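Chemist: I have a structure here, written as structure tokens, and I will follow up with some questions on it.
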Amino acid sequence: MRKKMFVIKLLLLYALLNVSFCSKKKYCEPDLLCWPSQIEWNDFDESLNGTLHQLSPDDYEQCEKQGDNAFNISSTGNGICMQYHDCSRQFCQSSTSWNIPAYSVEVKSVRDVQLAIAFANKYNIAVSIKTSGHSYAGSSMGKSTLLIWTRNLPEHLKTVDDVKQNFTDSCGTVFTHAVKVGGGQRWNSVYKALNSKYHIVGGGGLTVSAAGGWLQGCGLSSMSRKYGIGIDNVIDFDVVLANGSCVTVDKCTNPDLFWALRGGGGGTWGVVTAVHYKIRPAEPILEFYMNIANIGAPWYYTGTVDSWLEEWVKLSPNLDNRWGGYWTLNTLILYFVGSEEDAKATFINDFNKWKNDLPALEKLAVTTNILTADSYFNIRGGYQMDTDKTGERTINIASRLIPREFVLNEPEEALEHLKWMVRNGFFTFNYLLGGVVMDPSKDETAVHPAMRKAVWQIETFQDEMTNYLRENIKNTGAGFNHAWAKEPDWRNSLWGEHLEKLQELKKKYDSENRFNCWHCIGYQGDEYPRLQPEPSLSPSTSLEISSSSFMSSESPSSSPLLSTTLISSQVVSLYIQSSSLSFSSSTQSFSQSQTSTTSMPESFAPSHTTFISSTPSFPSIAASSSSMSPTKSPISPTPPSSSQAITSTASVTSPSSSAHLRVNSLLAFLFSLISFSFLLI
């Protein structure tokens, strides 16, 4: 008998300690009492069209077996494979702990996405979003999260016949040519669908998602100087928000969210299930390649590179807008949209003049090649496009935006910085910016204002070079999609003066911070080096108890009974909130369709939304046409009326009625007395 009572006491003590720890966590995690039972996970899995996968660090071995094949990596491991394998660990550092989600949902429809968000809301689980795993900072993964893996969402663009002519947005603006791209669609399938008929501003990596992080972070492209960056070419987004509603956003419908999605970073605003892009008829295109090889003594090589960089500093800020592409300290990969004659007149002739003036040995080190084609699709190899081989052990990428005015006004200083990099690490990979990228005002999109004024985005791979640029190039920022995982003052570096507005919009559309990712707007978690997170109640907790209510054991006015009562109160409250039944739902009369209606928080109250039905046992979404297509009605800043309320499984968050709180408090008090009595025995 004594042994039994001792075990009971230990169990009670474990529960109390567990909940005390839980109160300091922002989200529910697998080792806490609030975590769903296996039965609840199984019920969730059965409700999906897609597939639920339980994940473990042991699963990552199959990712590493894929080597550097990006296509295999992006479709393996139930969603946990990262193109840069160290990004499966915290801060993309091989020496840190695993950063593996607890489960992944391989979603196949908008309905699956809504169910996943609803489940996460119900149990207060953080959500991460991923398509192909190209995040250089590991932002598409999160430890103990529920990962929404979007790669199998429907592909709306399959052939050139899917191109829409004279497409009209909600503003009434007519776009001559447009395409709808699926939320999991990758650039290789987009390019193949459009083939040689149209040009689209897309990613260089063929496995990169066409609607995910590449786009929402900025969308740099080799054709950006001609057509703008990715976010300048978006017409609208279909997105599932943190409350489970699916909405379409554009310049006239939910314009603030449309603004945030264009440069505010992926993984934090919602799950984008489709995007409309404007496209253009294809034009002839030319690829110009140059490389300076190290074929002589080191001083010959560095001298040749120095000479070229001096020429590049003079030429690049004033290049014709039709030129774009990439460069390193000794290489060019540039594309020109137009005729070969125009390409020669606007750059190639100047380049040849520089080369011809070199000493004979240095001239031998400089090799060039020119390719021409009738479209970007064919310049990339057409249907025989090379398979991406981007998988790597580590990447350690960082970026800095270099202002065009700085290069124009201080060319000697700009050149000295480039020469320093030649002698202190050398390896970079850079974007040529400017052109029409500079046309939109700095406030038209959420991307860092420095992007609109930059002539280069320099990307480095060594800490010393990264720190050098940050210290010597002032009043600028970094590109979100190529930011250093350890970027100090990352909020200002990534968004500059747009930060405050983005933080306000995060509170409006995701007040519970359901979507949480590394160095995204609203990020909550450890920093590098690891810092302890601030203690806070779970976001789904609606207890109206201030921190002062929890008296310290050192306080003269505190007592063991009061402390135990308060802790036990948390046990009951958290238990009630994590269970599938609540006082309000049990006393509510269900209609024949068994739908429950709950108004949403003020911060994200759409006036019209996709309707989701739920049952008392486990929420399920009716497979109707209304749940599969987004609405185009604006998101209202005020709560919806009863006729507009959301019948969403996302409503299974913390109970808000005072009656429910009173019942919870009464049950908690009774449980506290019982618990304390057991502990005194």
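Residue 305 in this note's numbering sits at position 235 of the sequence shown, and the numbers go up by one each step. All C-beta atoms in this analysis are idealised placements derived from N, C-alpha and C, irrespective of residue type, glycine included. For clarity, every value in this text was computed on a predicted model and none was experimentally measured.
#1: May I ask you to list the residues that DSSP assigns as paired with Arg470?
#2: For Glu462, tell me which candidate among Lys135, Pro127 and Asp115 has the shortest Cα-Cα distance.
#3: Alpha carbons only, please: which of Thr530, Phe499, Ala548 and Phe496 is nearest the one belonging to Pro519?
#4: Going by beta-carbon coordinates alone, are Gly333 and Thr515 separated by less than 8 Å?
#5: Does DSSP put Thr401 in a helix, in a strand, or in coil?
#6: Quick one: what does DSSP say Asp533 is sitting in, helix, strand or coil?
#7: Determine, using beta carbons only, whether Leu216 and Ala190 come nearer to each other than 8 Å.
#8: Taking the straight line between their C-alpha atoms, what separation do you get for Gly373 and Ile467?
#9: Report the rounded CA-to-CA distance for His487 versus Asn303, giving the unit in angstroms.
#10: Measure the Cβ-Cβ separation of Ala172 and Ser209 and say whether it is below 8 Å.
#11: List the DSSP bridge partners of Asn361.
#12: Going by DSSP in three states, His552 sits in which element: helix, strand or coil?
#13: Measuring CB to CB, does Tyr297 end up less than 8 Å from Arg350?
#14: Tell me whether Leu575 sits in a helix, a strand or coil according to DSSP, three-state version.
#15: Decide if the stretch 521-539 is in contact with the stretch 500-507; the criterion is three or more beta carbon pairs, one per stretch, under 8 Å apart.
#16: Among Leu428, Asn551, Leu223 and Phe358, which has the Cα closest to the Cα of Trp588?
#17: Alpha carbon to alpha carbon, what distance is there between Lys200 and Trp560?
#18: Reducing DSSP to helix, strand and coil, say where Lys262 ends up.
#19: Under the DSSP definition of a beta bridge, which residues are partnered with Lys348?
#20: What does DSSP give as the partner residue(s) for Glu462 in the beta ladder?
#21: Bridge partners of Val492, per DSSP?
#22: Alpha carbons only, please: which of Asn119, Ser259 and Asn494 is nearest the one belonging to Ser179?
#23: Could you give the residue range of the alpha helix (DSSP H) that holds Lys192?
#24: Tell me the DSSP secondary structure of Val507 in three-state form.
#25: Tell me, please, which residues DSSP counts as bridged to Gly394.
#26: If contacts are defined as beta-carbon pairs under 8 Å, then Ile170 and Ser158 qualify, I think. What distance do you get, rounded to the angstrom?
#27: Per the DSSP calculation, Ile355 is bridged to which residue(s)?
#28: Name the two residues that bound the continuous alpha helix (DSSP H) containing Trp284.
#29: Measuring alpha carbon to alpha carbon, tell me which of Glu131, Thr229 and Ser145 ends up nearest Lys262.
#30: Could you tell me the boundaries of the beta strand (DSSP E) in which Glu176 lies?
#31: By the 10 Å Cβ neighbour count, where 16 or more other Cβ atoms means buried, how is Gly149 classified, buried or exposed?
#32: Just the Cα atoms here: how many angstroms apart are Phe531 and Asn537?
#33: For Gly592 versus Thr338, is the C-beta spacing smaller than 8 Å?
#34: If we count Cβ pairs, one from each stretch, closer than 8 Å, do we get three or more for the stretch 375-392 versus the stretch 446-453?
#35: Round the Cβ separation of Ile301 and Tyr347 to the nearest angstrom and send it over; I've been treating them as touching at under 8 Å.
#36: According to DSSP, is Ser606 part of a helix, a strand, or is it coil?
Modeler: On the basis of the coordinates in this document:
#1: Looking at the DSSP output, Arg470 bridges to Ile528.
#2: Selected option, being the one with the closest Cα: Lys135.
#3: Put simply, of Thr530, Phe499, Ala548 and Phe496 the residue whose alpha carbon is nearest the alpha carbon of Pro519 is Ala548.
#4: Less than 8 Å divides the Cβ of Gly333 from the Cβ of Thr515.
#5: Thr401 falls in the strand class under three-state DSSP.
#6: Looking at Asp533 - three-state DSSP - the assignment turns out to be helix.
#7: A contact, by the Cβ cut-off of 8 Å.
#8: About 27 Å.
#9: One C-alpha to the other measures close to 33 Å.
#10: No.
#11: According to DSSP, which records beta bridges pairwise, Asn361 is partnered with Thr401 and Thr437.
#12: DSSP places His552 in the helix class (H, G or I) of the three-state scheme.
#13: The answer is yes: Cβ separation under 8 Å.
#14: Assignment of Leu575 by DSSP, reduced to helix, strand and coil, places it in the helix class.
#15: Three or more Cβ pairs drawn from the stretch 521-539 and the stretch 500-507 lie within less than 8 Å of each other, which places the two stretches in contact.
#16: It is Asn551.
#17: The straight-line gap from Cα to Cα measures roughly 21 Å.
#18: Helix.
#19: For Lys348, which the question treats as bridged, DSSP gives the partners Ala248.
#20: DSSP lists Tyr154 as partners of Glu462.
#21: Here Val492 is not bridged, per DSSP, to any residue.
#22: When each option's Cα is compared against that of Ser179, the closest is Asn119.
#23: First-last of the alpha helix (DSSP H) with Lys192: Val180 to Tyr193.
#24: If DSSP states are grouped into helix, strand and coil, Val507 belongs with the helices.
#25: In the DSSP assignment, Gly394 is bridged to Tyr405.
#26: Sure, about 7 Å apart at Cβ, within 8 Å.
#27: Partner(s): Val407 and Ala443.
#28: Per DSSP, Trp284 belongs to the alpha helix (DSSP H) from Gly283 to Gly287.
#29: Checking every option, the nearest Cα to that of Lys262 belongs to Thr229.
#30: The continuous beta strand (DSSP E) containing Glu176 extends over residues Tyr173 to Glu176.
#31: Buried, because 16 or more other Cβ atoms sit within 10 Å of the Cβ of Gly149.
#32: Approximately 11 Å, taken between the alpha carbons.
#33: It is a contact, given that the beta carbons lie within the stated cut-off.
#34: In short, these stretches do not touch, since the Cβ pair count stays below three.
#35: Not really, about 11 Å apart at Cβ, beyond 8 Å.
#36: Low confidence applies here, because Ser606 scores a pLDDT of 33, under 50, leaving its location unreliable and the question unanswered by this model.
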